[in-house]
Every structure is written in structure tokens, then in C-alpha cells.
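Engineer: Residue numbers (my numbering): 1 to 164.
Quick reminder that beta carbons are idealized off the backbone N, C-alpha and C, glycines included.
Since we're looking at a predicted model, the values are computed, not measured.
One structure is given below, represented as C-alpha cells, and several questions about it will come after.
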Amino acid sequence: MDIQQKPETVIAISSVAIAFCALGVSLWQMSVQRRHNRLTVRPLIHATRNSLSHIPFRWSISNVGAGPAIITKYRLTIGSQSIDFPSNKLLTSVLEAEGIKGYKGSLALDSKTYIKAGEEMRLLEFDSALVPASLEKIEKILWEIEYESLYREKESIKFTGKDA
Numbered sequence: 001m002d003i004q005q006k007p008e009t010v011i012a013i014s015s016v017a018i019a020f021c022a023l024g025v026s027l028w029q030m031s032v033q034r035r036h037n038r039l040t041v042r043p044l045i046h047a048t049r050n051s052l053s054h055i056p057f058r059w060s061i062s063n064v065g066a067g068p069a070i071i072t073k074y075r076l077t078i079g080s081q082s083i084d085f086p087s088n089k090l091l092t093s094v095l096e097a098e099g100i101k102g103y104k105g106s107l108a109l110d111s112k113t114y115i116k117a118g119e120e121m122r123l124l125e126f127d128s129a130l131v132p133a134s135l136e137k138i139e140k141i142l143w144e145i146e147y148e149s150l151y152r153e154k155e156s157i158k159f160t161g162k163d164a
């Protein structure tokens with residue numbers, strides 16, 4: 001009897017083929033599951049500002065994604081000055097130097113700040129009565145925020161005071 005006609009050989013070759021197919025399906029399923037896991041903790045930062053009729057007038061960011069956003073970079077550009085992770089004291093002096101009045105405060109972000117899913121944080125807050133005189137300058141403020149997910153996937157958002 002020829003080697004190719006032995007039932008044991010056919011069964012053995014078929015078993016190896018089936019095992020390789022099962023391995024391929026398992027590897028594919030693993031990659032799909034990993035992608036799914038990454039999406040279930042992916043943050044998405046969204047910037048907003050309220051209208052002038054609200055007191056106080058403020059810019060905020062919120063995490064509308066499914067997982068926490070870990071802030072890795074926070075930069076404000078006001079006029080010709082760029083400030084990384086500005087403190088309230090430094091921000092006050094820069095805004096005053098640029099002739100922007102009515103600053104009431106901001107959230108001091110640092111490189112360890114994280115924003116939970118569904119959480120909102122204020123970036124800048126102004127006295128609504130003083131904003132109209134400085135509105136044009138305020139709207140030119142540029143925010144740059146870089147953040148990452150729990151899987152260290154990097155994302156960023158860049159917007160001006162007018163864009164939010």
C-alpha cells in the first residue's frame with residue numbers, strides 16, 4: 001500500500017491542518033479582543049465654554065470617552081508667551097501683562113492629573129462683567145492638551161478660546 005493511501009497518514013495531516021486553522025482563529029480572536037479592550041478605556045477630551053450671560057464665564061474640558069484621560073502636557077499660549085502647566089499666580093501675571101481683565105481662577109493641572117470618564121474640569125474662569133472688554137484677546141488664547149489612555153495611547157486636543 002502506498003504511503004498516501006494509508007488512513008493514518010491522511011488523518012495525521014488533517015489533524016495538523018485543523019490545528020493550524022484553530023491557532024489562526026485563536027490569534028485573530030486575541031487581536032480583536034485586545035482592540036476591544038483598548039476601546040473600552042479610551043478617553044476623549046472635549047472643550048466647551050459657556051455664554052457671556054452665565055456667571056462666571058468659563059472654559060472647561062470634559063472627558064466624554066469611556067476611560068480616564070491622563071494629562072501629559074498642558075500648555076497655554078497667551079499672546080507671545082507659552083506656559084506649560086501654569087500656576088494661578090503665573091497665569092494671573094501673564095493675563096494682566098496681556099491686558100486681559102476679570103480673571104477669577106483656573107484649575108492647576110499637572111502631569112499627574114487625570115480626568116475620569118464623564119468628569120468636567122474648568123480651565124479658565126472670568127468675571128462675566130469684565131469679559132466683553134477683553135473678549136477678543138481671551139478668544140485668542142491657545143490651549144494644547146496631550147493625554148493618554150490606560151494603554152499609553154497618546155491623544156491631543158488643540159483649541160483657541162473662540163473654538164471651544
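Roughly how many angstroms lie between the CA atoms of M1 and F20, to the nearest whole one?
Structural biologist: Within the sequence shown, numbered from 1, the residue matching residue 1 stands at position 1. Within the sequence shown, numbered from 1, the residue matching residue 20 stands at position 20. Note that M1 scores 48 on pLDDT, short of 50, meaning its location in the model is unreliable and no value can be drawn from it.
Engineer: For the region 65-74 against the region 107-115, are there 3 or more C-beta pairs whose distance is under 8 Å?
Structural biologist: yes
Engineer: Three or more beta-carbon pairs under 8 Å between the region 25-44 and the region 128-144, yes or no?
Structural biologist: no
Engineer: So which of E146, K162, I138 has the shortest CA-CA distance to I78?
Structural biologist: Here the question's residue 78 lines up with position 78 in the sequence shown. Comparing Cα positions, the closest option is I138.
Engineer: So, using beta-carbon positions, are D84 and G102 closer together than 9 Å?
Structural biologist: By 1-based counting over the sequence shown, the position of residue 84 is 84. By 1-based counting over the sequence shown, the position of residue 102 is 102. No.
Engineer: With W143 and K158 assumed to form a contact (beta carbons below 8 Å), what rounded beta-carbon distance in angstroms separates them?
Structural biologist: Locating residue 143 in the sequence shown gives position 143, where the first residue counts as 1. Locating residue 158 in the sequence shown gives position 158, where the first residue counts as 1. Confirmed, Cβ separation roughly 7 Å.
Engineer: Could you spell out the range, first to last residue, of the beta strand (DSSP E) harbouring E165?
Structural biologist: The chain is shown from 1 up to 164; residue 165 falls before or after that span and cannot be answered.
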